[in-house]
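Colleague: Residue numbers (my numbering): 88 to 313. Pasting in a structure now, in structure tokens, and then I'll have a few things to ask.
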Amino acid sequence: MITNLQLPSVITVDGPSASGKGTLADTIAQKLGWHWLDSGALYRLSALSIMNNGIPPDNETKIADAARNLNVCFKNQQVLLDNDDVSDSLRQEEVGALASRIATYPLLREALLERQRAFRKAPGLVADGRDMGTVIFPDAKLKIFLVADVGKRAERRYKQLIEKGISANLSVLLEELRLRDERDMNRSLAPLAPAPDAKIIDSSNLTVNETVARVMAYWAELNPVT
Ligand code: C5P
């Protein structure tokens with residue numbers, strides 16, 4: 088029988104949209120030489136897939152089927168959907184908003200469950216999302232809940248989009264983030280919330296390096312060198 092003791096370690100990073108979870112999780116994974124799961128990308132890929140295939144956003148069963156059958160490949164920094172590079176289109180606000188809408192469907196969450204757990208491979212996994220510490224990897228060794236002021240998050244998302252050549256409007260982004268937070272926190276299934284044993288970090292006034300250093304310090308506390 089496989090026990091948790093034999094499973095590769097997991098660090099989870101949950102938090103609201105644009106709190107910097109992705110950058111933090113990716114950096115920690117690189118520092119530790121571990122794998123990285125960007126679970127939001129799976130919800131975004133499901134959204135993109137239904138947009139591409141004309142599946143109505145209220146057809147929960149068809150959406151879950153589409154998610155179960157996603158033909159996706161994560162290659163370095165690229166994401167391929169049906170062999171097309173969708174790395175940039177995935178980040179569009181329209182896709183994020185639809186992802187947040189369909190993420191309320193229990194059948195979709197169920198369809199993505201095992202796909203997410205399959206990322207848990209040696210030597211370890213850093214997983215970011217909304218329910219990584221509460222639902223997907225409740226036995227994670229270290230759980231981080233990353234928050235930041237919504238105004239700061241809107242500014243960061245705006246900069247990211249502009250740098251990628253995607254047009255954006257700051258006040259629209261702010262409103263969309265507020266809506267997304269509200270929907271993610273108030274849905275009945277797997278709402279955005281810190282696990283009881285999560286460490287909460289407010290990154291509003293921290294640089295990426297400072298945030299990374301805090302997480303690495305928590306990890307070092309759990310793994311003292313003897
Ligand atoms: O993190 P990201 O903004 O890419 O996620 C897009 C949407 O997918 C979120 O707004 C959220 O509704 C949903 N999501 C989720 N559970 C996760 C990751 C993302 O419900 N673990």
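Cβ atoms here follow ideal geometry from the backbone N, Cα and C, with glycine treated the same way.
Looking only at C-alpha atoms, which of Q93, G102 and S106 sits nearest to G238?
Modeller: S106
Colleague: Mind reading off the beta-carbon distance from L29 to L199? Whole number of angstroms is fine, and I expect it under 8 Å.
Modeller: Because the chain here runs from 88 to 313, residue 29 falls outside it and cannot be looked at.
Colleague: Would the beta-carbon of A190 be found less than 6 Å away from any heavy atom of the ligand C5P?
Modeller: yes
Colleague: Please report the straight-line C-alpha distance between I150 and S133, rounded to a whole angstrom.
Modeller: 7 Å
Colleague: If we call anything under 7 Å between Cβ atoms a contact, is K208 one with H122?
Modeller: When the beta-carbon positions are compared, K208 and H122 come within less than 7 Å of each other.
Colleague: Using 7 Å as the threshold, is the C-beta distance between F232 and A285 below it?
Modeller: Yes, they are a contact pair.
Colleague: When DSSP labels each residue in this structure, what does L293 get in the three-state scheme?
Modeller: In the structure shown, L293 falls within a coil segment according to DSSP collapsed to helix, strand and coil.
Colleague: Can you tell me where the beta strand (DSSP E) holding L229 begins and where it ends?
Modeller: L229 to V234
Colleague: Leaving out five residues on either side along the sequence, give the residues of the same chain with a beta carbon under 6 Å from the beta carbon of G127.
Modeller: G216
Colleague: Going by DSSP, what residues sit across from D226 in a beta bridge?
Modeller: Bridge partners of D226: none, in fact.
Colleague: Taking 6 Å as the cut-off, is the beta-carbon of R267 closer than that to any non-hydrogen atom of the ligand C5P?
Modeller: yes
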